[in-house]
Amino acid sequence: MKLPLLLGLGALALLAVPLLAFAGDEPAKGKPVPGEPMPAFTAKVVQTIDSSKPAGVTVYMTLGVNCPATPQYTERVKDIERAYLSKGVSFVYIYPNKTESSEAKAAFHLKSGYVGGMIDDEGARITKLLAGKKTSEAFVVGKDGKIAYRGGIDDSLKAAEVKQKYLATALDELLAGKPVTTQSTQPFG
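Residues 329 to 517 in our numbering are what the sequence shown lists, from first letter to last.
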């Protein structure tokens, strides 16, 4: 994404902050996530994570502008974001689809009303190293820099049919200092 686009949109600012970036093999659950500085585009400054300098709990979520699952989850994700930002959890949204323009990704992110920052994951580099397979897939990284949960937000595309809130449960357990009981689920998308 280019700076002129951001200035044109008015609400985004280019921040060179250390955000999750990966090198080498995909990180395994329970292993530290390699970190290095990476530029990010964000509507507000978010707490960042670099596993060499662990910060707080961070949720990284892959989203797709044209993915049919993404709009079905927008309000639920925003509800989770609102509930957990006050508990010190940061949110970063990763847009990996090469068929979607940087402009479309930025516009979608702003229109959706997410508070957390966004990464235009050109070439899906971060997503591939996370072993992400779908859009609307969450990756929770604990204070120790390790992946504590990866998978779906919940168990249904339809909000009225949700029985298990996987992401919220993983965050609750992690914040309570407990082991995450369900570390991986199958996301929709």
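Each residue gets a CB set at the ideal place from its N, CA and C atoms; glycine is no exception. These numbers were taken from a predicted model, which means no experiment stands behind them.
Inter-residue Cα distance where the pair is LEU499 and THR427: Locating residue 499 in the sequence shown gives position 171, where the first residue counts as 1. Locating residue 427 in the sequence shown gives position 99, where the first residue counts as 1. Rounded to whole angstroms, LEU499 to THR427 spans 32 Å at the Cα level.
Helix, strand or coil at THR427 [DSSP, three-state]: For the purposes of this step, residue 427 is taken as the residue at position 99 of the sequence shown. If DSSP states are grouped into helix, strand and coil, THR427 belongs with coil.
Where does the unbroken alpha helix (DSSP H) through THR390 begin, and where does it stop? Position 62 of the sequence shown, counting from 1, holds the residue named residue 390. Careful: THR390 lies outside any alpha helix (DSSP H), inside the beta strand (DSSP E) at 386 to 390.
CA-to-CA distance, GLY505 to GLY392, given in whole angstroms: Walking along the sequence shown from the start, residue 392 turns up at place 64. Walking along the sequence shown from the start, residue 505 turns up at place 177. Each residue's alpha carbon lies about 32 Å from the other.
So, is PRO396 buried or exposed, given that buried needs 16 or more other C-beta atoms within 10 angstroms? Residue mapping note: residue 396 aligns to position 68 of the sequence shown, counting from 1. By the 10 Å Cβ count, PRO396 comes out exposed.
Can you tell me whether SER418 is buried or exposed? The criterion is at least 16 other CB atoms within 10 Å of its CB, across all chains shown. Numbered from 1 along the sequence shown, position 90 holds the residue referred to as residue 418. That one is buried.
In the DSSP output, what is PRO445 paired with across the bridge? Residue mapping note: residue 445 aligns to position 117 of the sequence shown, counting from 1. At residue 445 the sequence reads Gly, which differs from the Pro that was named. Looking at the DSSP assignment, GLY445 forms a beta bridge with VAL420.
Between the CA atoms of GLU431 and LEU438 - distance to the nearest angstrom: Along the sequence shown, read from residue 1 onward, the residue named residue 438 stands at position 110. Along the sequence shown, read from residue 1 onward, the residue named residue 431 stands at position 103. About 11 Å.
Can you tell which of LEU503, LYS471, ALA466 and LYS491 has the C-alpha that lies nearest to the C-alpha of SER512? Counted from its first residue, the sequence shown places residue 512 at position 184. For the residues LEU503, LYS471, ALA466 and LYS491, the minimum Cα distance to SER512 belongs to ALA466.
Count the other C-beta atoms from every protein chain shown that fall within 10 angstroms of the C-beta of GLY480, then say buried if there are 16 or more, exposed otherwise. Working through the sequence shown from its first residue, we reach residue 480 at position 152. Around the beta-carbon of GLY480, 16 or more other beta-carbon atoms lie within 10 Å, marking it buried.
Tell me, please, which residues DSSP counts as bridged to ARG478. Here residue 478 is taken as the residue at index 150 of the sequence shown, counted from 1. According to DSSP, which records beta bridges pairwise, ARG478 is partnered with PHE467 and SER512.
Output yes or no for whether 7 Å exceeds the beta carbon distance between TYR477 and VAL490. Along the sequence shown, read from residue 1 onward, the residue named residue 477 stands at position 149. Along the sequence shown, read from residue 1 onward, the residue named residue 490 stands at position 162. It is not a contact, given that the beta carbons lie outside the stated cut-off.
PRO507 classed as buried or exposed, judged by whether at least 16 other C-beta atoms fall within 10 angstroms: To locate residue 507, count along the sequence shown from 1; it is residue 179. Label assigned to PRO507: exposed.
Per-residue DSSP class, three states only, for SER440: The residue you call residue 440 lines up with position 112 of the sequence shown. In the structure shown, SER440 sits in a helix (DSSP, three-state: H, G or I).
THR510: buried (16+ other C-beta within 10 angstroms of its C-beta) or exposed? Within the sequence shown, numbered from 1, the residue matching residue 510 stands at position 182. So THR510 ends up on the exposed side.
Sorted by chain position, which residues of the same chain lie with C-beta nearer than 8 Å to TYR442's C-beta, five sequence neighbours on each side aside? Taking the first residue of the sequence shown as 1, we reach residue 442 at position 114. Excluding residues within five positions, the ones whose Cβ falls inside 8 Å are ALA371, VAL405, LYS406, GLU409, PHE419 and TYR421.
Hey, quick one: how far does the alpha helix (DSSP H) through ASP500 stretch, first residue to last? In the sequence shown, the residue the question calls residue 500 occupies position 172. It spans 494 to 503 - the alpha helix (DSSP H) in which ASP500 sits, taken as one unbroken run.
Kindly indicate which residue of THR497, GLY470 and SER484 has the alpha-carbon position closest to the one of GLY311. For residue 311 there is no data in the structure shown, the boundaries of the chain being 329 and 517.
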